[in-house]
Amino acid sequence: MLPVGIPHDPELNESEFLAVVSLLDDNDEYVVQHVAERLHSYGPRTVPLLRHYRHTNLNLRAQQTLEEVIHTFQQEALAQFEDVVIQAVRRHQDIDLEEAALLLSRFGYPETDDENIRAVLDEIALRVHVFFIQVPQPN
843 MLPVGIPHDP
853 ELNESEFLAV
863 VSLLDDNDEY
873 VVQHVAERLH
883 SYGPRTVPLL
893 RHYRHTNLNL
903 RAQQTLEEVI
913 HTFQQEALAQ
923 FEDVVIQAVR
933 RHQDIDLEEA
943 ALLLSRFGYP
953 ETDDENIRAV
963 LDEIALRVHV
973 FFIQVPQPN
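Using our numbering, the first residue of the sequence shown is number 843, and each one after it goes up by one.
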């Protein structure tokens, strides 16, 4: 059962995920390494769960492993952002601000839902557009 406040993810096998997290307490470094790789394979959508379990009664090494998995997702988002910037510079093109905002959001919050962010950005763009339509133009 997922902790209260963590949204249900239909693509996540919750019992498997919980079993994998419980293996973080294992003393065998080989097991812990494979557990970390398995947790990473679930993808950034599991970050709220990883953060939750990081603050439970797991041992210090298990908490550090969870933090490292989260950090890996953040570093991947930052690397993607750098790639977008480098490609734009090489091609002498503008940076896609929406994509840049999404990647920066994933750096801080790897579990970011791109569609929600896009909807917020579209709403902001519409407000700005309406504002400029209403502003009288100087003659």
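All C-beta atoms in this analysis are idealised placements derived from N, C-alpha and C, irrespective of residue type, glycine included.
Proximal residues to residue i (C-beta, below 7 Å), its chain only, five neighbours per side dropped
| i | result |
| --- | --- |
| Q905 | R896 |
| L946 | F923 |
| L865 | V873, V877 |
| L920 | F949 |
CB of residue i within 8 Å of CB of residue j, strictly
| i | j | result |
| --- | --- | --- |
| V862 | V877 | yes |
| D867 | L900 | yes |
| P886 | R948 | yes |
| L944 | T888 | no |
Boundaries of the alpha helix (DSSP H) in which residue i is found, first to last residue
| i | result |
| --- | --- |
| H913 | 902 to 932 |
| D964 | 956 to 976 |
| E941 | 939 to 950 |
| V875 | At residue 875 the sequence reads Gln, which differs from the Val that was named. 871 to 883 is the extent of the alpha helix (DSSP H) around Q875. |
| E853 | Per DSSP, E853 belongs to no alpha helix (DSSP H) and is neither H nor E. |
Does the pairing of the region 913 to 926 with the region 955 to 971 give three or more beta-carbon distances under 8 Å?
no
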